[in-house]
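Notes follow the structure.
Residue numbers (the working numbering), protein chains in the order written: chain A, 462 to 713; chain B, 116 to 518; chain C, 13 to 326.
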């Protein structure tokens with residue numbers, strides 16, 4: 462694996478006394494899609510939230526080990542968590558647009574970053590919506606409330622909102638789990654297009670989705686990273702017995 | 116894709132360096148400070164209510180913490196003991212010069228130190244507060260006088276008479292205490308069972324639709340200003356009950372108690388209802404599954420499980436009644452009589468403060484006594500709340516989690 | 013408790029009209045009577061006050077000054093005084109209460125001793141008798157702050173060191189603070205965690221998130237709290253007995269250092285200290301009616317908004 466974006470070294474996470482992630486070590490390549498799979502409760506979402514330090518919000522969480530993004534440990538005490546999150550965007554499982562207009566949703570990120578120029582904001586909104594392949598659907602109703610959109614549109618709006626702050630890495634936490642098949646395929650297409658510009662890490666419980674969208678796949682089980690490799694390899698010739706069992710549907 | 120977005124940032128130590136954000140820092144500090152103020156207010160309330168009653172505590176000590184407030188109170192006391200006519204002259208004087216009263220303590224301290232026991236019994240007729248020279252002497256004299264006055268005030272606390280304005284003022288807190296207790300007991304005896312039964316109905320027997328109607332209506336009773344309840348009790352209830360029972364004094368402890376029950380019902384009801392609803396559904400289901408009826412379940416399973424919460428409800432109900440002023444002022448008759456008869460007029464602590472504070476003069480003994488009563492009320496409600504909070508919470512945790 | 017055993021082939025036969033059932037019905041009936049009694053009392057109070065007050069209740073009554081030693085005329089100054097009181101009170105209490113609520117939901121850490129102390133203080137504040145607030149207003153605002161201001165700015169001339177509308181309003185603000193805090197906190201809790209996370213994940217700071225996402229979502233809670241506080245403040249009399257309410261004033265207050273007339277206080281003095289209580293009875297009932305309409309309708313509005321917030325939370 463060349464062009465490594467993120468390198469994780471012995472990362473463990475505790476909820477109080479409970480160890481939820483056990484010495485995870487892995488490398489995530491740049492400008493590729495890496496899928497995290499595993500049965501529910503295996504720690505894949507928790508791990509994803511470690512990458513942009515969303516777990517900081519939970520008071521009882523303690524993290525040890527290193528998370529190097531381009532060689533910088535983001536858990537170093539000199540690192541600013543707000544700046545991390547500007548560069549590592551996140552799309553959540555449940556679409557969560559703000560109860561504001563579509564335009565305001567997209568402009569939220571740029572605005573808090575100090576962009577006030579109206580023309581520039583307009584441009585960012587358009588570009589982001591185009592990138593998220595939703596511009597044509599929404600261009601005439603930018604001032605409508607985002608709450609009126611369908612689930613699939615909301616989720617793509619959330620992706621556009623993330624793109625508007627121009628992150629480098631995008632984390633997606635089961636972005637299509639609550640969507641119908643058509644919306645799901647649209648999101649998958651989008652992921653495919655976005656990987657040219659962004660490093661994408663996607664959590665999914667849907668193995669077909671992992672196989673379709675990702676270049677690399679990591680399999681988590683009971684808080685441990687069992688195996689990571691090229692998606693093809695993982696799905697055809699997994700090295701570990703547990704991975705094979707999971708993929709062939711023998712458990713989970 | 117040709118992106119107009121700003122060029123990609125790169126992760127470097129510099130770009131990720133911890134930033135100091137002033138607005139962030141200020142916001143957190145300001146918000147925490149404002150939150151802290153709510154703690155400060157509690158202390159301030161206690162300090163300032165207690166402070167005004169401080170002169171009462173100056174007896175028997177050779178302390179230097181004498182404030183000018185006492186001096187003023189002396190002038191007042193003096194005026195009572197002296198010619199009756201001078202009262203009117205002196206009163207506006209003391210009122211008009213409150214800034215003087217708040218002068219630093221130093222001067223006063225000195226003078227008290229200079230005091231000789233001999234000045235104790237010196238005659239006071241020739242003292243004229245108007246003359247500048249005489250004033251200092253008065254302060255000396257009166258400082259001592261006051262020590263004795265404070266002693267005397269305390270000794271009257273346990274007497275049965277409340278006669279604050281007279282040549283020989285007596286501050287018999289006992290009569291007020293009995294009055295307050297009488298009203299409180301009557302009110303809780305009425306409000307407690309009524310509110311708890313209503314709460315049991317609402318949370319155990321009523322259908323969801325009825326619940327949604329009953330709860331807001333009973334809680335609306337809490338929105339009735341106490342002055343309205345007091346007015347109603349005075350104008351309507353008093354006559355109504357007098358016609359039934361035929362007692363002498365129209366306004367009495369019973370009427371006050373009934374009226375205060377109206378004020379206490381929504382509090383007891385709401386908290387009891389919450390406590391009853393908080394009992395885990397599994398308890399109810401287990402009991403019903405064993406063949407118990409709904410009523411049996413309600414009274415032998417749910418009610419006992421919610422006892423701590425209901426206890427808290429009663430405590431807070433007592434707190435409400437104990438300190439209720441307007442209803443007491445309007446419906447209890449306001450006579451500080453010491454008797455066990457519920458149909459006699461009574462006077463409660465809160466009503467005493469409410470009706471007499473406006474007539475007292477800043478700094479006189481009466482004024483201090485009223486603030487002292489206020490301190491007692493504050494401490495009492497504070498303790499009630501603390502007990503309701505900690506004791507009850509602890510019990511609940513024990514009960515439901517077996518810890 | 014004795015079990016009612018039904019002798020029947022069908023073991024699930026409904027045991028009607030047996031001892032156990034009568035007891036059961038009696039018990040349920042008793043609780044039902046308690047509910048009905050409370051509701052009946054409530055409507056009796058309402059009914060009598062409306063019935064007795066309706067005669068005098070008119071636009072003229074509301075909009076005119078009292079005349080003839082308050083035995084005739086209206087309650088205009090008392091109404092205005094009450095309005096000024098609740099407005100100044102809200103200006104002081106709403107920001108204070110909102111910020112405290114924001115602290116409790118957004119900044120306070122779980123298990124933080126400080127936050128627990130803040131919560132305890134607020135609950136204590138809610139149970140302290142209202143007359144104590146009056147004493148505090150007198151001892152702190154008037155004697156300490158007011159007199160202090162006079163000696164600092166007015167050369168000791170008595171101006172602020174006496175009862176006035178400002179001190180009464182601030183005293184009332186302290187009393188209504190818990191009402192506001194509880195309402196705002198409740199509405200802040202209904203804002204989904206996902207929205208906060210979305211904002212933070214976009215690189216917003218905590219304060220930016222509070223300003224742009226949390227605060228706008230709590231507006232309805234702030235409104236409910238304010239309305240409830242106003243309803244409470246309009247009805248309370250004990251705290252203003254000696255911090256600013258006046259028996260009678262021929263003119264409306266012109267500045268914050270003036271005394272004021274107040275609806276609740278008006279009811280109190282008219283019914284206890286009026287020269288002719290019998291004769292002014294209709295005025296008293298009508299004044300009570302106005303006060304009741306004011307507080308109950310405000311409360312009703314608050315309840316409606318609140319139930320909307322609760323529905324949003326579900």
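Cβ atoms here follow ideal geometry from the backbone N, Cα and C, with glycine treated the same way.
Proximity below 8 Å, CB of residue i to CB of residue j
i	j	result
residue 542/A	residue 514/A	yes
residue 615/A	residue 556/A	yes
residue 493/B	residue 160/B	yes
residue 257/C	residue 469/B	no
residue 663/A	residue 674/A	yes
residue 462/B	residue 449/B	yes
residue 95/C	residue 85/C	no
residue 446/B	residue 348/B	yes
residue 487/A	residue 679/A	yes
residue 177/C	residue 272/C	yes
residue 520/A	residue 209/C	no
residue 666/A	residue 501/A	yes
residue 507/B	residue 437/B	no
residue 688/A	residue 700/A	yes
residue 247/C	residue 276/C	yes
residue 187/C	residue 243/C	no
residue 379/B	residue 303/B	yes
Supposed close pair residue i, residue j - CB separation, criterion 8 Å
i	j	result
residue 124/C	residue 153/B	No, residue 124/C and residue 153/B are not in contact; Cβ-Cβ is about 14 Å, not under 8 Å.
residue 67/C	residue 222/C	Contact doesn't hold; Cβ gap of about 53 Å is too wide.
residue 561/A	residue 607/A	7 Å
residue 681/A	residue 505/A	5 Å
residue 301/B	residue 353/B	Not a contact, Cβ separation roughly 14 Å.
Bridge-paired residues (DSSP) for residue i
i	result
residue 223/C	Paired residues: none, contrary to the question.
residue 257/C	272/C
residue 78/C	85/C
residue 530/A	467/A and 533/A
residue 690/A	678/A
residue 685/A	682/A
residue 494/A	661/A
For residue i, the nearest candidate out of the options (CA to CA)
i	options	result
residue 291/B	393/B, 322/B and 485/B	485/B
residue 305/C	274/C, 253/C, 61/C and 265/C	61/C
residue 288/B	298/B, 296/B and 276/B	276/B
residue 384/B	452/B, 307/B, 457/B and 362/B	307/B
residue 381/B	40/C, 37/C, 254/C and 53/C	53/C
residue 278/B	481/B, 496/B and 505/B	481/B
residue 319/B	307/C, 43/C, 322/C and 69/C	43/C
residue 199/C	186/C, 90/C, 236/C and 49/C	236/C
residue 220/C	129/B, 137/B and 506/B	137/B
residue 132/B	539/A, 471/A and 519/A	539/A
residue 12/C	467/B, 166/B, 304/B and 332/B	This structure does not reach residue 12/C, given that chain C is present from 13 up to 326, and the question cannot be answered.
residue 629/A	475/A, 526/A, 480/A and 531/A	531/A
residue 366/B	444/B, 168/B, 508/B and 498/B	444/B
residue 387/B	476/B, 316/B, 311/B and 168/B	311/B
residue 107/C	35/C, 282/C and 195/C	195/C
residue 351/B	34/C, 59/C, 188/C and 153/C	59/C
residue 601/A	525/A, 495/A, 564/A and 516/A	564/A
Listed by chain order, chain D residues near residue i by CB distance under 9 Å
i	result
residue 194/C	Checking the listed chains, one finds no chain D in this structure; the protein chains it contains are A, B and C.
Any non-hydrogen atom of the ligand HEM within 7 Å of residue i CB
i	result
residue 425/B	Questions concerning the ligand HEM fall outside what the structure shown contains, since it holds no ligand whatsoever.
Near-chain A residues of the region 123–136 of chain C - C-beta to any C-beta below 9 Å: 123
Residues from the region 128–147 of chain B in contact with chain A, defined by Cβ distance under 7 Å: 128, 130, 131, 132, 133 and 134
Contacting positions in the region 518–535 of chain A - beta carbon closer than 8 Å to chain B: 530, 531, 532, 533 and 535
Residues of the region 290–308 of chain B with Cβ closer than 8 Å to any Cβ of chain C, in chain order: 308
Residues of the region 396–408 of chain B whose Cβ lies closer than 9 Å to any Cβ of chain C, in chain order: 406, 407 and 408
Residues within the region 323–334 of chain B neighbouring chain C, beta-carbon criterion of under 7 Å: 329, 331, 332 and 333
Chain B contacts made by the region 671–698 of chain A, where a contact means CB separation under 9 Å: none
Chain B contacts made by the region 481–498 of chain A, where a contact means CB separation under 9 Å: none
Contact residues within the region 213–241 of chain C, judged by C-beta distance below 7 Å to chain B: 217, 218 and 219
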